[in-house]
DNA sequence: GACATGACGATTT
DNA sequence: GAAATCGCCATGT
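Residue numbers (the numbering used here): 10 to 118.
1) What runs of the beta strand (DSSP E), each 3 residues or longer, lie entirely inside the region 11 to 45?
2) Could you name the residues of the same chain whose beta carbon sits closer than 7 Å to that of residue 112, not counting the 5 residues immediately before and after it, in chain order?
3) When DSSP labels each residue in this structure, what does residue 109 get in the three-state scheme?
4) So for residue 103, helix, strand or coil by DSSP?
5) Using only the alpha-carbon positions, how far apart do residue 78 and residue 43 sit?
6) Any idea if residue 64 is buried or exposed, counting beta-carbon neighbours within 10 angstroms, 16 or more meaning buried?
7) Below 8 Å between beta carbons: does that hold for residue 73 and residue 101?
8) Between the Cα of residue 33 and those of 23, 26, 24 and 45, spot the shortest distance and give me the residue it belongs to.
9) Where DSSP assigns a beta bridge to residue 73, which residues make up the other side?
10) Could you name the residues of the same chain whose beta carbon sits closer than 6 Å to that of residue 52, not counting the 5 residues immediately before and after it, in chain order?
11) Pull the bridge partners of residue 68 from the DSSP assignment, please.
And the structure:
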């Protein structure tokens, strides 16, 4: 089942520090998928079965909560981000670039 | 087994 | 600068 990019994506998303967010493309690049950012999205969908995978911390390159429609509730993603201390305005992460966490940067700045 | 689609991104026109 | 198109892997039908 695993042995695919999915497994790598899960590992990265699972390592996202609290209060931080990352983008699909960043993960896709980290796993070497390049432009296969879609797979990351699909991986997140599959991650829905893995509560340990904070898919809510993964947004698109614009910081938009594009995947919030796939959560239990449309507000669940935003609510969770707010719990992490992340401000969300109009389905968009505030200071996204500031809260952005690069999967290759396991250290926080 | 093949076709179509999908939570995106980058590049090219 | 904006719009359109390709790329990429997996899942669903």
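The C-beta atom is built at its ideal place from N, Cα and C for all residues, glycine as well.
Keep in mind it's a predicted model, so treat the numbers as computed, not measured.
The short version:
1) none
2) Translated into the one-based positions of the first chain, residue 112 becomes position 103. 21, 31, 35, 36 and 39.
3) For this step, residue 109 is matched to residue 100 along the first chain. In the structure shown, residue 109 sits in a strand (DSSP, three-state: E or B).
4) Within the first chain, the letter at position 94 stands for residue 103. Residue 103 falls in the coil class under three-state DSSP.
5) In the first chain, residue 78 corresponds to position 69, counting from 1. In the first chain, residue 43 corresponds to position 34, counting from 1. Taking the straight line from one Cα to the other gives about 25 Å.
6) For the purposes of this step, residue 64 is taken as residue 55 along the first chain, with counting starting at 1. When all chains shown are included, residue 64 counts as buried.
7) As a working note, residue 73 is residue 64 in the first chain. As a working note, residue 101 is residue 92 in the first chain. In this structure, residue 101 lies closer than 8 Å to residue 73 by Cβ.
8) Taking the first residue of the first chain as position 1, residue 33 is located at position 24. For residue 33, the nearest C-alpha among the options comes from 45.
9) Locating residue 73 in the first chain gives position 64, counting from the first residue. For residue 73, which the question treats as bridged, DSSP gives the partners 101.
10) Here the question's residue 52 lines up with position 43 in the first chain. Excluding residues within five positions, the ones whose Cβ falls inside 6 Å are 15 and 18.
11) On the first chain, position 59 is the one that residue 68 refers to. Residue 68 pairs with 32.
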